[in-house]
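Undergrad:
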Amino acid sequence: MVCFILVPFWILNVGQCLVQKDRFDEELLLKPLPSGHVYAYFQFTTVWDAPSGPQMFQHCHLFPRALGEVAGRHNVQELHVTLTEGLWRYEYWGFPVSDAAPGAELWTWFRNDTKDVDNIWKKLTGALSGLLCASLNFIGTPNSLSPEYSFRPTGVVKNSNLNSSFVRYATLPREIVCTENLTPWKKLLPCDSKKGFASLLNAGHIHNTNYHSLGLHIRPVCKDAKCTEVSIELRQTVSLVYDMMILGFQNQDWSLRKLFGLGLSGPCPLATSSFIYVDVTSNETGTPYQLQPEPTEVITSIRGGYESKFKVYNIQKMSFTHMLNIVATYSTPKVYAVNVPPVLYASRYIVGYGQERGGIVTKIHNNHWKHLDIIYLENIPWFLPIYLHTLRVVAGGKEITPILKKYVPGKERSRPYSLEVLLRIPARSVTEIYIEFDYVFLKWQEYPPDANHGFYIGSAIISAYLPVGKNYMGLPQAGPTIYSSFNASREGFLLQLRTESLIITLPTPDFSMPYNVICLACTVVALAFGPLHNITTKRLCMKDGNSCNGLLIRLKSMLFKGRKPQAQAH
Amino acid sequence: MSSHPSTTEEIKTVGDLPVEKIDKTDYRIYAAISYFVILIVIGLPLWWKTTEVYRVPLPYTRIAALNESDFVLVTNVTIASLDIDRGKQLASDLDNFFKTSKLFKVHFVVTQVQKQILASAQSIQALELSSVSRRQAGDILLLEVPGLPRFTPSQVLVGRRRIVYFATDTSSVKLTEVLQQWLFQEETLQRMISSMVSPTKSELDLAGRRRMPTASAYDVMVTIVNPDPEKVQLNWDLQEAIENFLSPFLRNLAPLADYNVKSQWLYFVPLQVQPKLVPEQPGIRKHFALSEELLPHIITPLEKKLASHVSQNPCLNFVVYVPPCSESPLYIYRQEGVILRGGVNAFLSPRWGGIIIHNPPQDICDNTTVVEPKPVEADWSKIMGTFLAQLRLLVGVPELDDIPRVSMLPLAASGMRQWELDSLYRVRIMEQLTSAMLTLQSLSQLLGEISNIVIDDEVGDSIQEAVSAVERGIELLHQGNLLAAFEASKQAFLSAEAAFTDPSLLALLYFPDDQKYAVYIPLFLPVMIPVLMSLKNIYLWAASKVRHKGKEKVD
Chain A
7 MVCFILVPFW ILNVGQCLVQ KDRFDEELLL KPLPSGHVYA YFQFTTVWDA PSGPQMFQHC
67 HLFPRALGEV AGRHNVQELH VTLTEGLWRY EYWGFPVSDA APGAELWTWF RNDTKDVDNI
127 WKKLTGALSG LLCASLNFIG TPNSLSPEYS FRPTGVVKNS NLNSSFVRYA TLPREIVCTE
187 NLTPWKKLLP CDSKKGFASL LNAGHIHNTN YHSLGLHIRP VCKDAKCTEV SIELRQTVSL
247 VYDMMILGFQ NQDWSLRKLF GLGLSGPCPL ATSSFIYVDV TSNETGTPYQ LQPEPTEVIT
307 SIRGGYESKF KVYNIQKMSF THMLNIVATY STPKVYAVNV PPVLYASRYI VGYGQERGGI
367 VTKIHNNHWK HLDIIYLENI PWFLPIYLHT LRVVAGGKEI TPILKKYVPG KERSRPYSLE
427 VLLRIPARSV TEIYIEFDYV FLKWQEYPPD ANHGFYIGSA IISAYLPVGK NYMGLPQAGP
487 TIYSSFNASR EGFLLQLRTE SLIITLPTPD FSMPYNVICL ACTVVALAFG PLHNITTKRL
547 CMKDGNSCNG LLIRLKSMLF KGRKPQAQAH
Chain B
13 MSSHPSTTEE IKTVGDLPVE KIDKTDYRIY AAISYFVILI VIGLPLWWKT TEVYRVPLPY
73 TRIAALNESD FVLVTNVTIA SLDIDRGKQL ASDLDNFFKT SKLFKVHFVV TQVQKQILAS
133 AQSIQALELS SVSRRQAGDI LLLEVPGLPR FTPSQVLVGR RRIVYFATDT SSVKLTEVLQ
193 QWLFQEETLQ RMISSMVSPT KSELDLAGRR RMPTASAYDV MVTIVNPDPE KVQLNWDLQE
253 AIENFLSPFL RNLAPLADYN VKSQWLYFVP LQVQPKLVPE QPGIRKHFAL SEELLPHIIT
313 PLEKKLASHV SQNPCLNFVV YVPPCSESPL YIYRQEGVIL RGGVNAFLSP RWGGIIIHNP
373 PQDICDNTTV VEPKPVEADW SKIMGTFLAQ LRLLVGVPEL DDIPRVSMLP LAASGMRQWE
433 LDSLYRVRIM EQLTSAMLTL QSLSQLLGEI SNIVIDDEVG DSIQEAVSAV ERGIELLHQG
493 NLLAAFEASK QAFLSAEAAF TDPSLLALLY FPDDQKYAVY IPLFLPVMIP VLMSLKNIYL
553 WAASKVRHKG KEKVD
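Here the protein sequences come in this chain order: A and B. The first sequence begins at 7 in the working numbering and counts up one residue at a time. The second sequence begins at 13 in the working numbering and counts up one residue at a time.
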């Protein structure tokens, strides 16, 4: 039985009737955050009515061929890669459009007919590592999970009967994200970084942010409302959080030039649409700011009971005599209001002392007036054995019994510990999830370079279905663009939070030890062997002085042998 | 004696001492011997055996023997003549010519051809399609056609299949020339083999330099470069064009190797070189000139966007570059003032691919009523025709030198003549067999020189496989079975490469000897010195025993 479970509602404008069956949209969302930071979110969406079958990714137009080849060769149905530096602070910043764990994060759904998923997964990470210049090749079966509940396909599925053995999830919390990742990422865009919004992405102004995250998301989507055919959607995202104060500007005013170093020279000519949205919701409540130039449109979006206002710049309709610079100026110095944290956020830390036993505590804050159902996914590497019986969930002093627990115990060197807990957390509460683990010794070759730096534990993931749209900026499931998220009220809003990644110090040996041990052991053996050999094969006995002809005496006699006859001759 | 009992007693006690002393010395010597046996006789070989690098026994003699075995291509040539005596004469003449050939061993068979078959044929094309034309791969039919001048001014006409038509008055010299230069291409083969065996001494000829190195599969990538989509709009159905033009040709080559065709569009990828503006002159329109020497600089910036992250096959790149109106027409200049011959605005980069410059039509550029981006239509037959010609060269079908009064039938839609395919088979067989042989030999030489290389069972198997495939290939060539020989040579090539490049070979390569000694010496030196020194004692003891026995005997 074939059934499609998703129906798209977006078809913005039916593109010109072209031979090329793809479209490209570029969008930029700018939002001043309550904490005084400025959030800039770029999204480049390519939707391609790719022919299905083995030749799927062979003839590419706007879709990047290099990525298409990787996806096609490895039987990928859905692919999500994020490379992130810094931590998204939910408590102060609200929710981002697209969430990402610190470091590198990769999750993939393989097609149902894939054989030997583990092997293909390894090959896929190798290929992606080459494509994005990241250490994704260190992802393999020993650090990958197949979560049952937390990661469901985000796109169309032909068969609603999902088998979680085709999903793989892994993180590399230690991964450092830098220009060498940005450059290949930009190369995947049809206009490269020559034109359009991508020309704003300059390494110097991206890596001085508090938080930056690159993302690549491939998924199948419905081609039309009937959803009889499937298109491929590629979403390339960049999330940036700027702190205007530490950037050296004396005030909170911001502009494209201040954020990105230069203005916008025009849209990407290959794009079907180019929009810049500026979130001006905070103007109503907080210190207002004025925008220059005037926007082409103002949109009020009511989503999940909350209203937000956006000023929209349709770049394709604007004339470009010189670089476009959108400037936001505060007429009065900005006053910070009391922080109102979002509905749900979490934090995590390590407890315990010494290098034997420890514990992980995750605190989940629920500020909603009603209880919330959440899925908590814990991803623990194999070298930290956790004990399920120590799992305790406490909210307001009362222990909560999880609705469901899914635990896959880890195996040394082959499988991480995976724990999924389905919880109902009470209204206006802080829930504490606690679990204990052991520190273990590793083999000496398993330590990374600079082993004393410590070992990272990836973020835990909290998935929830929020009943209200407050602070929520995520995209609706059927729509790929930011535009489609306006007025997109739903019964609930799928939210995934990533907690902090942790760092722990495992007992670290002295790495010159093996050689020292060899040398010491050899010396001891040699020292023991010498006397043993002597005792058993030799005997100490007296010798009379006459027959005593040691080496020295023999040498002497040899030396003086020649002289004696001479002396006699004289 | 009896008067001095006390002294006898004394002697006895004194005499006891040496007896006891002898016994104890014996024990000590036995101990020394057992040390020696355990450490040197048992210990050393055991240590040697356990620390030995694992190596499967390999057929070294068979690998060495491959060098002596000669690659001979046995080919059957049938001479069909109206007059059997003339046929025989031709056969013996040709046989004489080919006796000196090193690579080819040609068997000539003479048959008589029925006149009515030839008479009934209205044209050469009809003959091509008749039953006479079916030949096994590699074989050739020389067919005498008395009325050949009816069809063509040439004396000899080479067909699309494996037939050479010749007029009755054709000399055996001419036929030899056709066979040697066009059908067998022996010199190319010779040059290829010698350049592989001794790369410093001989070089490949032009055809060999252009030909892609042998592989089991190739990628063919067609790229359309539009440096300025704001000015030029290309609404081309590339996929369909590939399906119509390239795919039929590549299907022909499928038995030789797999070809995966891919395509992509690149925008905003400019030429990295500045073409020279040639101003308007009487008789010459304004245009831009690109000197041929600058062409390699065009490829380098493109390379960044052409690489694949998954495919390991060699890639044949075909690039269509469409300059914007402001930089067109753009022409490639062979040298100062000479536009590339044939008016084809394209060039071939050996072993890489080809680039064609597709200028937008002048009338569209000049027409100011057409707003930018100006739509430009594709001239597919020109673009793909050029690519096909380039593809033939890259795949290994050379441009043949002209021979006076000899011609060949024009190419059919499939783009390949059967005898061209045969000669391609011969090239690939020779290349793969020689390469496999050289790989095996250098591997066995390496194994002799570097003792640290591990050969596990899997690598051992592929080496065995490669050796027997080379032997089988040579044997099949002797039988004249071209297709089976190709399969064997492919197998040999792939197995030899797999064995040579297997990562397990390097497992211990970087474990240097000095580190080994640094670990062993603290143990071995202090233990071995006393054991070896005790050998002297053992020797002295043994010698004294022998002397003692000798004395006893004398007594």
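The beta carbon of each residue, even a glycine, is placed where N, CA and C say it ideally should be.
Please list, in chain order, the chain A residues whose beta carbon lies closer than 7 Å to that of Tyr279(B).
TA: In the second sequence, counting from the first residue as 1, residue 279(B) sits at position 267. Here the neighbours are Pro196, Cys197, Leu276.
Undergrad: For Arg79(A), go through chain B and note every residue whose CB falls closer than 7 Å to its CB, in chain order.
TA: Taking the first residue of the first sequence as position 1, residue 79(A) is located at position 73. Going along chain B in sequence order, the residues near Arg79(A) (Cβ under 7 Å) are Val322.
Undergrad: For Lys340(A), I'd like the list of residues in its chain whose CB is within less than 7 Å of its CB, leaving aside the five on either flank, ordered along the chain.
TA: Here residue 340(A) corresponds to residue number 334 of the first sequence, with the count starting at 1. Around Lys340(A): Gly42, Gln258, Thr293.
Undergrad: Should Ile524(A) be flagged as near chain B, meaning a C-beta pair shorter than 8 Å?
TA: For the purposes of this step, residue 524(A) is taken as residue 518 along the first sequence, with counting starting at 1. Yes, contact with chain B.
Undergrad: Any C-beta of chain B within less than 9 Å: which residues of the segment 402-435 of chain A qualify?
TA: For the segment 402-435 of chain A, which is checked against every Cβ of chain B, not one residue is closer than 9 Å.
Undergrad: If you measure beta-carbon to beta-carbon, which residues of the segment 234-260 of chain B are closer than 8 Å to chain A?
TA: Listed by position along the chain: Pro241, Glu242, Asn247, Trp248, Asp249, Leu250, Gln251, Ile254.
Undergrad: If you compare alpha carbons, which of Leu142(A), Cys197(A), Leu500(A) is closest to Leu350(A)?
TA: Position 344 of the first sequence, counted from the start, is the residue given in the question as residue 350(A). It is Leu500(A) whose Cα lies nearest to the Cα of Leu350(A).
Undergrad: Could you tell me which of Ser261(A), Leu262(A), Asn214(A), Ser314(A) sits nearest to Thr287(A), measuring between CA atoms?
TA: Stepping through the first sequence from its first residue, residue 287(A) is reached at position 281. Nearest of Ser261(A), Leu262(A), Asn214(A), Ser314(A) to Thr287(A), Cα basis: Ser314(A).
Undergrad: Run through the DSSP bridge pairs and tell me what Gly221(A) is partnered with.
TA: On the first sequence, residue 221(A) is found 215 positions in, with the first residue counted as 1. Answer is Thr88(A), Thr243(A).
Undergrad: For the putative contact between Val482(B) and Met449(B), defined by C-beta atoms under 8 Å, what is the C-beta separation to the nearest angstrom?
TA: For this step, residue 482(B) is matched to residue 470 along the second sequence. For this step, residue 449(B) is matched to residue 437 along the second sequence. Between Met449(B) and Val482(B) the Cβ distance is about 6 Å, and since that is below 8 Å, they are a contact.
Undergrad: Which chain A residues are close to Arg40(B), counting only those with a beta carbon under 8 Å from its beta carbon?
TA: Within the second sequence, numbered from 1, the residue matching residue 40(B) stands at position 28. Correct list: Thr542, Thr543, Lys544, Arg545.
Undergrad: Count the other C-beta atoms from every protein chain shown that fall within 10 angstroms of the C-beta of Val157(B), then say buried if there are 16 or more, exposed otherwise.
TA: Position 145 of the second sequence, counted from the start, is the residue given in the question as residue 157(B). Val157(B) comes out buried.
Undergrad: Give me the residue from Leu503(A), Lys544(A), Pro537(A) with the minimum Cα distance to Arg95(A).
TA: Along the first sequence, one-based indexing puts residue 95(A) at 89. For Arg95(A), the nearest C-alpha among the options comes from Leu503(A).
Undergrad: Would the segment 147-154 of chain A and the segment 82-89 of chain A be scored as touching if the rule is three or more Cβ pairs under 8 Å?
TA: Cβ pair count under 8 Å is below three, so no.
Undergrad: I'd like to know whether the C-beta of Arg71(A) is nearer than 8 Å to at least one C-beta of chain B.
TA: Position 65 of the first sequence, counted from the start, is the residue given in the question as residue 71(A). Yes, contact with chain B.
Undergrad: Along the chain, which unbroken stretches of the beta strand (DSSP E) at least 3 residues long are found entirely within the segment 161-239 of chain B?
TA: Correct list: 168-170, 175-178, 229-238.
Undergrad: Quick one: list the residues of chain B neighbouring Phe389(A), beta-carbon separation under 8 Å, in chain order.
TA: Residue 389(A) sits at position 383 when you count from the first residue of the first sequence. None at all; the shortest Cβ gap to chain B is about 25 Å.
Undergrad: Express the C-alpha separation of Tyr98(A) and Thr368(A) in angstroms, rounding to a whole number.
TA: The count along the first sequence starts at 1 and reaches residue 368(A) at position 362. The count along the first sequence starts at 1 and reaches residue 98(A) at position 92. So the alpha carbons of these two residues sit roughly 18 Å apart.
Undergrad: Which stretch, first to last residue, makes up the beta strand (DSSP E) that contains Trp248(B)?
TA: Position 236 of the second sequence, counting from 1, holds the residue named residue 248(B). Taken as a continuous stretch (DSSP letters only), Trp248(B) belongs to no beta strand (DSSP E), as it is neither H nor E.
Undergrad: Taking the DSSP output, what are the residues bridged to Met428(B)?
TA: Indexing the second sequence from 1 puts residue 428(B) at position 416. DSSP output for Met428(B) lists no bridge partner at all.
Undergrad: Starting from Ala133(A), find everything on chain B with Cβ-Cβ shorter than 8 Å and list it in chain order.
TA: Taking the first sequence and counting its residues from 1, the one referred to as residue 133(A) is at position 127. Chain B residues near Ala133(A): His321, Val322.
Undergrad: Any idea what DSSP makes of Ile367(B), helix, strand or coil?
TA: For this step, residue 367(B) is matched to residue 355 along the second sequence. In this structure, Ile367(B) counts as strand in the three-state DSSP scheme.
Undergrad: Rounded to whole angstroms, what's the CA-CA distance from Ile465(B) to Leu518(B)? Just pull it up for me.
TA: For the purposes of this step, residue 465(B) is taken as residue 453 along the second sequence, with counting starting at 1. For the purposes of this step, residue 518(B) is taken as residue 506 along the second sequence, with counting starting at 1. Answer to the nearest angstrom: the Cα atoms are 6 Å apart.
Undergrad: With 7 Å as the limit, tell me which residues of the segment 507-537 of chain A have their beta carbon closer than that to any beta carbon of chain B; keep them in chain order.
TA: Listed by position, the residues of the segment 507-537 of chain A near chain B (Cβ gap below 7 Å) are Ile524, Cys525, Cys528, Thr529, Val531, Ala532, Phe535, Gly536.
Undergrad: Determine the extent of the beta strand (DSSP E) in which Ile486(B) is found, giving its start and end residues.
TA: On the second sequence, residue 486(B) is found 474 positions in, with the first residue counted as 1. That residue, Ile486(B), is in no beta strand (DSSP E); its alpha helix (DSSP H) goes 469-491.
Undergrad: Can you pull the chain A neighbours of Ala44(B), defined as C-beta to C-beta under 9 Å?
TA: Residue mapping note: residue 44(B) aligns to position 32 of the second sequence, counting from 1. Correct list: His539, Thr542, Thr543, Lys544.
Undergrad: So who's on the other strand from Cys228(A), going by DSSP bridges?
TA: For the purposes of this step, residue 228(A) is taken as residue 222 along the first sequence, with counting starting at 1. The partner list for Cys228(A) (beta bridge, DSSP) reads Val236(A).
Undergrad: Quick check on Lys274(B) - is its C-beta less than 8 Å from some C-beta in chain A?
TA: Stepping through the second sequence from its first residue, residue 274(B) is reached at position 262. Yes, Lys274(B) lies at the interface with chain A (some Cβ there is under 8 Å from its Cβ).
Undergrad: Using CA coordinates, which residue listed in Ile415(B), Ser435(B), Ile367(B) is at the minimum distance from Gln167(B)?
TA: Working through the second sequence from its first residue, we reach residue 167(B) at position 155. Ranking Ile415(B), Ser435(B), Ile367(B) by Cα distance to Gln167(B) puts Ile415(B) first.
Undergrad: Comparing alpha-carbon positions, which option in Phe359(B), Leu187(B), Thr180(B), Thr446(B) lies nearest Asp97(B)?
TA: Here residue 97(B) refers to the residue found at position 85 of the second sequence. Selected option, being the one with the closest Cα: Thr180(B).
Undergrad: If you measure from the beta carbon of Ser338(B) to each beta carbon in chain A, is any gap under 8 Å?
TA: Start at 1 with the first residue of the second sequence, and residue 338(B) comes out as number 326. So no, Ser338(B) is outside the interface.
Undergrad: Met324(A) by DSSP, collapsed to three states: which one?
TA: In the first sequence, counting from the first residue as 1, residue 324(A) sits at position 318. Met324(A): coil per DSSP, three-state reduction.
Undergrad: Label Pro422(A) either buried or exposed according to how many other C-beta atoms from any shown protein chain fall within 10 Å of its C-beta, with 16 as the threshold for buried.
TA: Here residue 422(A) is taken as the residue at index 416 of the first sequence, counted from 1. Flag for Pro422(A) reads buried.
Undergrad: Can the beta-carbon of Val84(B) be found less than 8 Å from the beta-carbon of Leu115(B)?
TA: By 1-based counting over the second sequence, the position of residue 84(B) is 72. By 1-based counting over the second sequence, the position of residue 115(B) is 103. For Val84(B) and Leu115(B), yes; Cβs fall inside 8 Å.
Undergrad: Output the distance between the C-alpha atoms of Asn371(B) and Pro385(B), rounded to the nearest integer angstrom.
TA: Along the second sequence, read from residue 1 onward, the residue named residue 371(B) stands at position 359. Along the second sequence, read from residue 1 onward, the residue named residue 385(B) stands at position 373. C-alpha separation (whole angstroms): 15 Å.
Undergrad: Taking beta-carbon pairs under 8 Å, can you tell me which members of the segment 366-392 of chain B lie near chain A?
TA: Under the 8 Å Cβ criterion, the segment 366-392 of chain B contributes Pro385.
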